[in-house]
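Protein chains in written order, with this note's numbering: chain V, 6 to 221; chain P, 6 to 221.
Glycine residues also receive a C-beta, built at the ideal position from the N, C-alpha and C atoms.
What you are looking at is a predicted structure, and each value in this text was computed from that prediction instead of being measured.
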DNA sequence: AATAATTTGACCAAGGTGGTCATCGGTGCT
DNA sequence: AGCACCGATGACCACCTTGGTCAAATTATT
């Protein structure tokens with residue numbers, strides 16, 4: 006086995022484990038592997054230095070664990086995709102909501118995986134590159150599988166349209182993330198989120214879809 | 006005067022000065038003020054430590070100089086905006102090209118100013134916050150001044166449409182920046198850039214504009 | 001009360017930090 | 001050639017942070 010985690014980390018209760026994971030992710034995404042400080046991580050996670058190195062035998066081990074944990078989260082996101090939904094907007098809408106829920110629990114997972122690709126520390130690079138590429142390839146394959154492209158206007162450059170859609174979702178997602186913590190009720194936020202997104206979606210559908218498919 | 010730069014930095018030839026400025030910007034944007042290493046900067050700029058501290062009396066001085074230099078570049082970008090062009094797409098297109106030219110010369114200025122806002126080092130924070138907000142406020146004011154909004158569809162949420170446009174431009178700009186150095190001829194790149202952007206613009210115009218204004 | 005399991009933080013050697021300054025090398029003048 | 005000038009250099013400094021350790025303290029279990 007490549008990564009060996011001492012069993013005592015699993016014995017921790019969920020809250021504390023997530024606190025540590027999030028503290029580590031935050032520090033790694035902010036500073037990269039080399040410059041990430043274990044001192045900062047333990048401070049943020051409110052545990053002692055000794056404990057961290059009891060749970061993980063080295064900084065590298067911690068990184069690898071947190072990385073693989075993040076990968077798992079994405080994988081689970083993929084599993085949830087409903088392949089019977091053939092409308093691109095509806096499918097992406099659903100994924101977007103799931104992402105929001107994940108970001109509520111793990112605020113920097115997506116940033117972490119995005120940043121991990123350009124991690125230049127030789128110590129962790131190989132572990133990353135082999136996985137991340139595969140993950141993203143699988144992701145885009147699943148996400149766009151069985152989509153009904155016949156709804157799109159004939160003279161539309163669909164690839165570019167999808168790029169626009171992605172950039173818009175990303176921008177909107179960022180904006181929403183900034184507001185996420187002003188809501189105490191996550192269900193209420195989800196509702197608000199969906200309602201606002203629909204307006205953006207409608208604008209794009211107007212251009213992407215044939216007339217008869219514009220309104221859902 | 007708040008920032009006093011020893012005159013010998015001005016005496017340097019343009020190439021070297023830009024090399025130093027870019028090296029500093031790169032390091033600051035990658036690591037923030039506190040963690041930015043002057044050792045890394047001198048290595049990247051191919052000058053000695055002594056020289057750097059001959060040109061600037063401290064790391065803070067260097068930061069402030071580079072920051073104000075970046076602000077100037079943005080200001081100049083604003084000056085160039087042609088206010089007689091009332092078509093939003095045409096105006097943004099023009100700004101986009103200018104930005105590309107700037108990014109060729111100073112690859113990280115925009116990232117630097119974007120990152121500077123969330124700089125948490127108390128030492129430089131106050132210098133930043135007072136300026137950046139003003140800059141962006143002035144920017145959006147100029148950019149959207151005298152735009153002919155009558156071209157837009159009546160039932161369109163113009164504010165949201167402009168957000169989509171911005172996110173799309175940002176996404177496309179990033180994509181283009183990644184390709185910018187594969188072109189040796191900047192003029193050729195500009196042409197290619199414009200041609201590709203037009204396709205994206207056309208997709209959005211289809212949704213934003215009334216029928217009669219779609220094709221330029 | 002006794003034992004086992006966890007957590008703690010002072011401590012370490014190693015390495016990096018911003019900044020200094022005696023020395024160097026080149027250029028131009030006499 | 002000899003001299004004076006000046007920008008460039010990098011070894012050097014005191015200080016700080018680093019990843020990781022471990023004896024001692026605390027808590028949990030018997």
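>> Is it the case that the stretch 79–97 of chain V contacts the stretch 24–41 of chain V, given that we only count it when at least three CB pairs across the two stretches are under 8 Å?
In response: no
>> Quick check: the Cα distance between residue 7 of chain P and residue 45 of chain P, rounded to an integer number of angstroms?
In response: Any reading at residue 7 of chain P must be qualified, since the residue scores a pLDDT of 38, below 50, and its modelled position is unreliable; the value itself is stated next. Their Cα atoms are separated by approximately 26 Å.
> Of all the options V:211, V:219 and V:198, which has the alpha carbon lying nearest to the alpha carbon of residue 100 of chain V?
Replying inline: V:198
> Using 8 Å as the threshold, is the stretch 134–143 of chain V in touch with the stretch 48–57 of chain V, meaning 3 or more CB pairs across them?
Replying inline: no
> For residue 92 of chain P, which residues of its own chain have a beta-carbon under 8 Å away from its beta-carbon, when the five flanking residues on both sides are left out?
Replying inline: 152, 153, 156 and 221
> Going along the chain, which residues of its own chain have a beta-carbon closer than 8 Å to the beta-carbon of residue 37 of chain P, five neighbours each way excluded?
Replying inline: 120, 124, 125 and 126
> Taking 8 Å as the CB-CB limit, is residue 167 of chain V close to chain P?
Replying inline: no
>> Closer than 8 Å between beta carbons: that is the criterion. Which residues of the stretch 17–51 of chain P meet it against chain V?
In response: 36 and 40
> Under a CB-based cut-off of 8 Å, is residue 93 of chain V close to chain P?
Replying inline: no
> For the stretch 209–221 of chain V against the stretch 181–200 of chain V, are there 3 or more C-beta pairs whose distance is under 8 Å?
Replying inline: no
> With DSSP run on the structure shown, which of helix, strand or coil describes residue 149 of chain P?
Replying inline: coil
>> Quick check on residue 122 of chain P: buried or exposed, where buried means 16 or more other Cβ atoms within 10 Å of its Cβ?
In response: exposed
> When we look at the beta-carbon of residue 163 of chain P and count the other beta-carbons within 10 Å, is it buried (16 or more) or exposed?
Replying inline: exposed
> Any contact of the stretch 24–35 of chain P with the stretch 65–74 of chain P, i.e. 3+ C-beta pairs under 8 Å?
Replying inline: yes
> In the structure shown, what three-state DSSP assignment does residue 205 of chain V receive?
Replying inline: helix
>> My output table needs one value for residue 111 of chain P: the three-state DSSP class, helix, strand or coil.
In response: coil
> Going by other Cβ atoms of all chains shown within 10 Å of its Cβ, with 16 needed for buried, is residue 217 of chain P buried or exposed?
Replying inline: exposed
>> Pull the bridge partners of residue 214 of chain P from the DSSP assignment, please.
In response: P:157
> Are residue 173 of chain V and residue 169 of chain P touching if we call contact CB-CB under 8 Å?
Replying inline: yes
> Going by other Cβ atoms of all chains shown within 10 Å of its Cβ, with 16 needed for buried, is residue 25 of chain P buried or exposed?
Replying inline: buried
>> Comparing C-alpha positions only, which one of V:205, V:147 and V:166 sits nearest to residue 181 of chain V?
In response: V:205
>> Is the separation between the beta-carbon of residue 103 of chain V and that of residue 185 of chain V shorter than 8 Å?
In response: no
>> Counting only C-beta atoms, is residue 162 of chain V closer than 8 Å to chain P at any point?
In response: yes
> the stretch 184–208 of chain P: which residues have C-beta closer than 9 Å to a C-beta of chain V, in chain order?
Replying inline: 201, 204, 205, 207 and 208
>> Once DSSP output is grouped into helix, strand and coil, what is the label at residue 103 of chain P?
In response: helix
> residue 98 of chain P: buried (16+ other C-beta within 10 angstroms of its C-beta) or exposed?
Replying inline: buried
> Under 8 Å between the Cβ atoms of residue 72 of chain V and residue 133 of chain V?
Replying inline: yes
> chain V beta carbons: is any one of them nearer than 8 Å to that of residue 211 of chain P?
Replying inline: yes
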